[in-house]
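J.: Residue numbers (the working numbering): 637 to 964.
Just so it is clear, CB atoms sit at the ideal spot from N, CA and C, and this is done for glycine as well.
#1: Grab the span of the beta strand (DSSP E) containing residue 694 for me, first residue to last.
#2: Give the secondary structure of residue 740 by DSSP, where H, G and I count as helix, E and B as strand, and everything else as coil.
#3: Under the rule that 16 or more other beta-carbon atoms within 10 Å means buried, what is residue 640, buried or exposed?
#4: Please decide whether residue 712 counts as near chain C, where near means a Cβ-Cβ distance under 8 Å.
#5: Measure the C-alpha to C-alpha separation of residue 755 and residue 671 and round it to an integer number of angstroms.
#6: Assuming residue 798 and residue 871 form a contact by the criterion Cβ under 8 Å, report the distance between their Cβ atoms to the nearest whole angstrom.
#7: Straight-line CA distance for residue 965 to residue 823?
#8: Have a look at residue 663 and residue 912 and give me their C-alpha separation to the nearest angstrom.
#9: Would you mind sorting residue 901 into buried or exposed? The rule is 16 or more other CB atoms within 10 Å of its CB.
#10: Anyone know if the C-beta pair for residue 738 and residue 725 falls short of 8 Å?
#11: State the DSSP-derived secondary structure class of residue 707, mapped to helix, strand or coil.
#12: Could you tell me how far apart the beta carbons of residue 897 and residue 923 are, in whole angstroms, since I believe they sit closer than 8 Å?
#13: By the three-class DSSP mapping on this structure, what secondary structure does residue 716 have?
#14: Just to confirm the assignment, what range does the alpha helix (DSSP H) spanning residue 684 have?
#15: What is the C-beta distance between residue 674 and residue 937, in whole angstroms, given that I count them as a contact (C-beta under 8 Å)?
#16: Would residue 957 and residue 678 qualify as a contact pair, given that the criterion is a beta-carbon distance under 8 Å?
#17: Give me the residue from 886, 744, 813 and 850 with the minimum Cα distance to residue 759.
#18: Contact between the stretch 639 to 655 and the stretch 785 to 796: three or more CB pairs below 8 Å?
#19: Would you report the Cα separation of residue 700 and residue 829, rounded to the nearest angstrom?
#20: Measuring only the C-alpha atoms, how far is residue 698 from residue 729?
#21: Leaving aside the five residues before and after residue 926 along the sequence, list all residues of the same chain whose C-beta is less than 6 Å from its C-beta, in chain order.
#22: Which residue or residues does DSSP assign as beta-bridge partners of residue 761?
#23: Shortest alpha-carbon distance to residue 885 belongs to which of 859, 716, 894 and 908?
#24: Which residue marks the beginning of the beta strand (DSSP E) containing residue 916, and which one marks its end?
#25: Quick one: complete beta strand (DSSP E) runs, 3+ long, within the stretch 856 to 897?
#26: Using DSSP with H/G/I as helix, E/B as strand and the rest coil, what is residue 746?
#27: Please name the residue, chosen from 840, 861, 741 and 676, that lies closest to residue 849 on a Cα-to-Cα basis.
#28: Could you check where the alpha helix (DSSP H) with residue 955 kicks off and where it finishes?
#29: Residue 689 and residue 887 - do their beta-carbons sit closer together than 8 Å?
#30: So residue 692 and residue 800 are in contact, right, with Cβ under 8 Å, and what is the actual spacing, rounded?
#31: From the DSSP secondary-structure annotation, give me the bridge partner or partners of residue 842.
#32: Take the Cβ of residue 819 as the centre, count every other Cβ of all protein chains shown within 10 Å, and call the residue buried at 16 or more, exposed below.
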């Protein structure tokens, strides 16, 4: 499918503007001062509505569906996620008055389930893992003649996430490098495609936890592959890819380099954000920040933007990190 992503991203930016926040790009003197003549900025999508960038893609998808098929206000839409994507779709569905059904695996984290229910979600529990829940959501959406909203495997969702790169160029036109956490690739696919259209000299770095690096290994193999994932603080980027995902070719063709990050370095990055910037970020944001912290010399003399993609972190994990990594 021939998709003009730069145009879709500009259209998405305009479409979702009334419904999302233009997030701050903050200067980090601490990260900047560690390498000579380097200016490091953090794009705080962790302070976006619902606590992550995902709301951009969710709003773009539902708004685009309403433009082409207003009947979804009767049929509703389906998705599968107990995390940031589910929260984002729920926010968009409430604002736009589109019924939403969220599918989760039966063993979903009780805290996440309770929060979604508190926010008014209609939940269906199915299967023993997230893949089974997703397949059921897709199947039921087809049965009911409506749409399944994918967290990443959809050009409209990718375009919504790409609106971040439009903001980056507005806030820092002289950007030399952008570090982006990667799971399914929806975030980096949109960002990289737009950046390479507007300023090809800007390098885009894909950052993944070493414990779950399916996109990196797939790009290396030049096809979507199965790569076993292990537990990681970056649960929002963990897991496999759909074989047909639209994000694979975008990651292969437009991401310049890949950086794998150890769990210790993810945790230290999250702790740095607490201590130096008084911000709580989730593990996926710790991946991109940790990627910079472990490769600082690579960025000497550059204007660097790090995407802090989300801030939804459980108190128990935060407590563990603070206990282990706080400065003495």
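T.: Taking the geometry as given:
#1: Against the chain shown, residue 694 aligns to sequence position 58. Where residue 694 is concerned, there is no enclosing beta strand (DSSP E), although the alpha helix (DSSP H) it sits in stretches over 690 to 704.
#2: One-based indexing of the chain shown puts residue 740 at position 104. If DSSP states are grouped into helix, strand and coil, residue 740 belongs with the strands.
#3: Working through the chain shown from its first residue, we reach residue 640 at position 4. Under this definition residue 640 is an exposed residue.
#4: Absent here is chain C; the protein component of the structure consists of one chain.
#5: On the chain shown, residue 755 is found 119 positions in, with the first residue counted as 1. On the chain shown, residue 671 is found 35 positions in, with the first residue counted as 1. Taking the straight line joining both Cα atoms gives about 44 Å.
#6: Working through the chain shown from its first residue, we reach residue 798 at position 162. Working through the chain shown from its first residue, we reach residue 871 at position 235. Not a contact, Cβ separation roughly 24 Å.
#7: The chain is shown from 637 up to 964; residue 965 falls before or after that span and cannot be answered.
#8: Locating residue 663 in the chain shown gives position 27, where the first residue counts as 1. Locating residue 912 in the chain shown gives position 276, where the first residue counts as 1. When rounded, the distance between both Cα atoms is 12 Å.
#9: Here the question's residue 901 lines up with position 265 in the chain shown. Buried, since its Cβ has 16 or more Cβ neighbours within 10 Å.
#10: Along the chain shown, one-based indexing puts residue 738 at 102. Along the chain shown, one-based indexing puts residue 725 at 89. Yes, the pair counts as a contact, with Cβ atoms nearer than the cut-off.
#11: As a first step, residue 707 must be located in the chain shown, where it is residue number 71. DSSP places residue 707 in coil when its eight states are reduced to three.
#12: Locating residue 897 in the chain shown gives position 261, counting from the first residue. Locating residue 923 in the chain shown gives position 287, counting from the first residue. Contact flag correct, Cβ pair sits at about 5 Å.
#13: Counting from 1 along the chain shown, the entry for residue 716 is found at position 80. Strand, per DSSP.
#14: Residue numbering aside, residue 684 sits at position 48 when the chain shown is read from its first letter. Residue 684 -> no alpha helix (DSSP H), and no H or E assigned at all.
#15: Taking the first residue of the chain shown as position 1, residue 674 is located at position 38. Taking the first residue of the chain shown as position 1, residue 937 is located at position 301. Indeed, because the Cβ distance is near 6 Å, the residues count as touching under 8 Å.
#16: Taking the chain shown and counting its residues from 1, the one referred to as residue 957 is at position 321. Taking the chain shown and counting its residues from 1, the one referred to as residue 678 is at position 42. No, they are not a contact pair.
#17: Here residue 759 refers to the residue found at position 123 of the chain shown. The candidate whose alpha carbon is nearest that of residue 759 is 744.
#18: yes
#19: Position 64 of the chain shown holds residue 700. Position 193 of the chain shown holds residue 829. Straight-line Cα distance between these residues: approximately 20 Å.
#20: Along the chain shown, read from residue 1 onward, the residue named residue 698 stands at position 62. Along the chain shown, read from residue 1 onward, the residue named residue 729 stands at position 93. For residue 698 and residue 729, the distance between alpha carbons rounds to 7 Å.
#21: Translated into positions along the chain shown, residue 926 becomes position 290. Here the set comprises 897, 901, 902 and 905.
#22: Reading the chain shown from its first residue, position 125 is the one you call residue 761. DSSP output for residue 761 lists 740 as bridge partner(s).
#23: Looking up residue 885 in the chain shown gives position 249. Of the listed residues, the one whose Cα sits closest to residue 885 is 859.
#24: As a working note, residue 916 is residue 280 in the chain shown. Unbroken run through residue 916: none, as it is neither H nor E.
#25: 893 to 897
#26: Counting from 1 along the chain shown, the entry for residue 746 is found at position 110. It is helical.
#27: In the chain shown, counting from the first residue as 1, residue 849 sits at position 213. Of 840, 861, 741 and 676, the residue nearest in Cα terms is 861.
#28: For the purposes of this step, residue 955 is identified with residue 319 of the chain shown, where counting begins at 1. Residues 951 to 961.
#29: By one-based count along the chain shown, residue 887 stands at place 251. By one-based count along the chain shown, residue 689 stands at place 53. In this structure, residue 689 does not lie closer than 8 Å to residue 887 by Cβ.
#30: Position 56 of the chain shown, counting from 1, holds the residue named residue 692. Position 164 of the chain shown, counting from 1, holds the residue named residue 800. That pair is a contact at about 7 Å.
#31: Along the chain shown, read from residue 1 onward, the residue named residue 842 stands at position 206. Paired residues: 816 and 894.
#32: As a position in the chain shown, residue 819 is number 183, starting the count at 1. Classification for residue 819: buried.
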